[in-house]
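Structure, as structure tokens:
Residue numbers (our numbering): 1200 to 1800.
Put into structure tokens, the structure is as follows:
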């Protein structure tokens, strides 16, 4: 039975049907002193150990990646999410996000190695391992004495992770399994000490997870390092298992539970990946404005040109939005974990269920922030012009490194479809009431709209009304699609992708507005002028995306009177009473970034 505290914490996906007060969201301005100290410590490490050596990382210096990983272990950064009982710091979920964010922006090579080790290399053992497994392996992984890797993907099993062909065969004496198969794209393979390996036992429906120590004499061979577009010094190899003997006690969780492990590890990986993109966006924006302030054309700094100011403003705005949404979700997860622990759940159960609750938000963030990072890097190259295309400037490497973020932890296409699919499943289980609000929107479409002029004198009054209307667009489109296709909706991927883009923009825009509103209330509107401008600009862009995807969906699945009614509703719900001056908003934001000569918002 839910306690009052549980009811006060918005459940995963409920943001689409419930209003959130700005006081109820966590923002980066809410970091406590310990979190600020950790952030500064990680930034100092990044500035000292990673950024000065970018040339070596780009030159595929895999040994350097391993060396810096050991130094990160010495600093305790590999252990932030590991419970104290197993040699870790046992820090809160928000704190682990901060470490992941600020350690990841020096180079994608180190970011990938760090994420693969601390997330999918260590997390499955801390969350699914037996007490004996945790005592044996986790302290070594937490300290950096050992490194972990995650062996899931196969040549024929990428997005369809459960279709892997690697086999695990029980020995006659029942004491061990023999693993045979091939894995590919395995991060950290070249220097790891253990793999989390997924294999199928007999004809089981689902794969099973195993902890496999790296021992070349035990039938484990590695392919050559992959030549990749980016993340050059991230060790990425194929791994071959030939009669590799694994003790039965190294099975992770139960037989056939590997797919569940894989999916839940990816949920955590997705929100951590969003965090890993944030400081990279800041650094790209800073590097771009530094160049734009120095570079002169036609006797004018290029940062004074409207075309460049537009780019700088949009880069800064997407960064601010990513921060806002990522830490909003992270604190929701942290609160849910704490609530479950208070109710008597173990650390394992609490963290698994806490993250699983917000799997929709994790997928949203993975998509939104990875794509914003790519766009940011692309605009960074454009601001540098021809120099941006040169390896002598940092933008070229930033763009290449950013590209992988849209692929791993589940492609963005998979995550888009997952976000909507999971929301529909939550509705079917009664965890999110979509049916009631969707019906209310359908009824509203048949009614006569109000022609009263609302009072928009309060800050963000119209913007919050716009968010409420965008939610109605989602409920209108998704409700009509579910009604038409029912369980077959999963087969209509293009509709799911469009619905997902609407869902994503609502969450990102709402998070941005709530953060700016909360800070305007406590620091003053004048102090938050730029943040308010960014929130308004992000919402305006979001409305355009929602309108495009809503229209595309409606004209694709509805016809006749239904189509006309839905399109009429869409026009009503995406219309501002007072449109913002977009050029003025962009100029306001850009002038602040130019004056600071950095992203400092």
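Beta carbons: idealized from backbone N, C-alpha and C, even for Gly. Note that the structure is predicted; figures quoted are calculated from it, not measured.
- Under a 10 Å Cβ-count criterion, residue 1782 is classified as exposed, with fewer than 16 other Cβ atoms of the shown protein chains found around its own Cβ.
- Between the alpha carbons of residue 1724 and residue 1527 lies a gap of roughly 21 Å.
- In the three-state DSSP reduction, residue 1216 falls in the coil class, being neither helix nor strand.
- Residue 1484: member of the alpha helix (DSSP H) spanning 1457-1493, first to last residue.
- Looking at the backbone, the Cα of residue 1336 and that of residue 1532 are separated by about 26 Å.
- For the pair of segments examined, the segment 1328-1348 was found not to touch the segment 1490-1505: the number of CB pairs separated by less than 8 Å stays below three.
- CA-CA distance, residue 1646 to residue 1682, rounds to 20 Å.
- Burial state of residue 1262 is exposed, judged by a 10 Å Cβ sphere holding fewer than 16 other Cβ atoms.
- Sixteen is the threshold: when 16 or more other Cβ atoms of the shown chains lie within 10 Å of the Cβ of residue 1407, as they do, the residue is buried.
- In this structure, residue 1398 places its C-beta atom within 8 Å of the C-beta atom of residue 1378.
- Our two residues, residue 1519 and residue 1800, have alpha carbons roughly 7 Å apart in a direct line.
- Only buried fits residue 1346, as 16 or more other CB atoms lie within 10 angstroms of its CB.
- A Cβ-Cβ separation of about 15 Å leaves residue 1348 out of contact with residue 1309 under the 8 Å criterion.
- Between residue 1708 and residue 1666, the C-beta gap is smaller than 8 Å, which places the two residues in contact.
- The C-alpha of residue 1649 is placed about 24 Å away from the C-alpha of residue 1219.
- In the three-state DSSP reduction, residue 1386 falls in the strand class (E or B).
- The beta carbon of residue 1428 is closer than 7 Å to those of 1599 and 1602 in its chain, skipping five residues each way along the sequence.
- The alpha helix (DSSP H) runs lying completely inside the segment 1553-1608 and spanning 4 residues or more are 1558-1583 and 1593-1602, given in chain order.
- Residues of the same chain with a CB within less than 7 Å of the CB of residue 1413, apart from the 5 flanking positions on each side, are 1391, 1392, 1393, 1394 and 1419 in chain order.
- The beta carbons of residue 1567 and residue 1604 sit no closer together than 8 Å.
- In chain order, 1484, 1733, 1788, 1792, 1798 and 1800 place their CB closer than 7 Å to the CB of residue 1515, counting only its own chain and leaving out the 5 sequence neighbours on each side.
- Residue 1712 is a Cβ neighbour of residue 1662, given a cutoff of 8 Å.
- Put simply, of 1383, 1344, 1409 and 1356 the residue whose alpha carbon is nearest the alpha carbon of residue 1369 is 1409.
- In this chain, residue 1393 is not harboured by any alpha helix (DSSP H); it is covered by the beta strand (DSSP E) spanning 1393-1400.
- Per DSSP, the continuous alpha helix (DSSP H) segment holding residue 1309 begins and ends at 1307-1314.
- The C-beta distance from residue 1276 to residue 1431 rounds to 22 Å, too long to fall under 8 Å, and the pair is not in contact.
- Taking the Cα positions, residue 1795 is about 12 Å away from residue 1511.
- Segment contact: the segment 1618-1625 against the segment 1210-1227, three or more CB-CB distances shorter than 8 Å; contact assigned.
- Contact check for residue 1478 and residue 1248: beta-carbon distance about 15 Å, past the 8 Å limit, so the pair fails to qualify.
- The Cβ atoms of residue 1452 and residue 1400 do not sit closer than 8 Å to each other.
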